[in-house]
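Q: One structure coming up, written as structure tokens, with questions to follow.
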Amino acid sequence: MRRRPLGRPVIRPAGAPLLRGALVGGAAYAAGRSSARAARREQDQEDAIAELQSQQQPLAAAPPAAAPAPAAPAPAAPGSGAAPSVTDQLVRLGELARQGLLTPEEFAAAKGKILGV
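Note that our numbering has the sequence shown beginning at 153, numbered continuously upward.
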């Protein structure tokens with residue numbers, strides 16, 4: 153075990169607490185400034201989104217121009233009947249649940265309705 157020589161005592165400079173305070177304070181200042189910059193950037197993005205949405209709402213609210221009605225209904229596809237089969241409905245329901253568009257409760261209720269339970 154090595155011992156420190158007794159000849160020189162450990163001397164701490166008088167400005168060490170000030171230097172430590174400056175480092176901690178500077179780091180806190182930089183973190184706060186970075187946080188403020190991120191908050192301002194997020195607010196700018198939210199303002200831009202709100203502006204775009206307000207521009208698009210009048211377009212969506214305007215009634216569409218009268219479209220000419222089709223002359224004759226399109227013939228049904230060869231494999232499709234009047235109503236989709238129970239299997240097709242369950243497959244579609246499962247896809248919606250996997251995509252996260254249905255909650256588990258909604259999925260269970262719709263499945264029960266299809267199966268007649």
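Note that beta-carbon positions come from the ideal geometry of N, C-alpha and C, so glycine has one too.
Quick check on DSSP: helix, strand or coil for P236?
A: Against the sequence shown, residue 236 aligns to sequence position 84. Looking at P236 - three-state DSSP - the assignment turns out to be coil, as it is neither helix nor strand.
Q: Find the nearest neighbour of Q241 within the set K263, G173 and V269, judged by alpha-carbon distance.
A: As a working note, residue 241 is residue 89 in the sequence shown. The shortest Cα separation from Q241 among K263, G173 and V269 belongs to K263.
Q: State the Cα-Cα distance for the pair L175 and Q251, rounded to the nearest angstrom.
A: In the sequence shown, the residue the question calls residue 175 occupies position 23. In the sequence shown, the residue the question calls residue 251 occupies position 99. Going by the C-alpha atoms only, they are around 49 Å apart.
Q: Q195 to A202, Cα distance in whole Å?
A: The residue labelled residue 195 in the question sits at position 43 within the sequence shown. The residue labelled residue 202 in the question sits at position 50 within the sequence shown. Using only the alpha carbons, I get a separation of about 10 Å.
Q: Skipping 5 residues on each side, what residues in its chain have a beta carbon closer than 6 Å to that of F259?
A: Here the question's residue 259 lines up with position 107 in the sequence shown. The answer, listed in chain order, is A249.
Q: So, helix, strand or coil for P222, using DSSP?
A: Residue numbering aside, residue 222 sits at position 70 when the sequence shown is read from its first letter. Here P222 scores only 49 on pLDDT, less than 50, and its place in the model is too uncertain to base an answer on.
Q: Considering G124, what are the terminal residues of the alpha helix (DSSP H) in which it resides?
A: In the structure as shown, the chain begins at 153 and stops at 269. Residue 124 is therefore absent and cannot be evaluated.
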